[in-house]
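K.L.:
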Amino acid sequence: MKKTILGVLILLFAIQFTYAQEEATKQEIIELSKTKWQWMADKDADKLADLFDDKSVFVHMGGAWGKDREVDIIRSGGIWYKKTDVHEVSVEIIDNTAILLNRITLIAEVGGNEVTNPFEVTEVYIKRAEGWKLGSLSFTKLMGHGDR
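Just so you know, the sequence shown maps onto residues -20 to -1, 1 to 128 in mature numbering (1 follows the signal peptide of the UniProt record, and there is no 0).
1) List the residues that DSSP assigns as beta-bridge partners of THR102.
2) Have a look at ARG128 and LEU81 and give me their C-alpha separation to the nearest angstrom.
3) Between the beta-carbon of VAL71 and the beta-carbon of ALA78, is there less than 7 Å?
4) Would GLY91 pass as a contact of ASP33 if the rule is Cβ separation under 7 Å?
5) Check LYS6 in the structure and name its three-state DSSP category.
6) Determine the closest residue to GLY57 out of ASN93, LYS16, ASN97, PHE99, with distance taken between C-alpha atoms.
7) In chain order, what residues of the same chain have a beta carbon less than 6 Å from the beta carbon of ILE87, not counting five sequence neighbours either side?
8) Have a look at the DSSP bridge pairing and note the partners of HIS67.
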């Protein structure tokens, strides 16, 4: 009987510990995403290049491309992510992958013109030995500012 009770207590502790670890990881990803938006606003292409995985992909309203082109576009100001208002955020962890969804309003300058768009943004992060790397950033335009 004592062994059974001890076993149940150990199991409950393990479940609680695993849940706490996952919640901490989710918060880490949310903070990393916030930092990434700030680096984009600051046009800090070097920090972004370090965050982006070499095989990363970026999907925008105007097309899709890889890391080098995304970094070049940010560095040159072709797209300037001036301000990102995050309205909702959620994170799911699957093994060494984190999928973050942001519902945002993005104020950007594209080709010299300021535009404001509501987006659902999907960010995929992969845990590497050196830390989390962004594997994909995909923008889906919403029909209106309040749409979900």
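Glycine residues also receive a C-beta, built at the ideal position from the N, C-alpha and C atoms. All values reported here derive from a predicted model rather than from experimental measurement.
P.N.:
Taking the geometry as given:
1) LEU81, SER118
2) Note that ARG128 has pLDDT 46, beneath the 50 cutoff, so the model's placement of it is unreliable and no number is given.
3) yes
4) no
5) helix
6) ASN93
7) LYS62, LYS63, THR96
8) HIS67 is not bridged to any residue.
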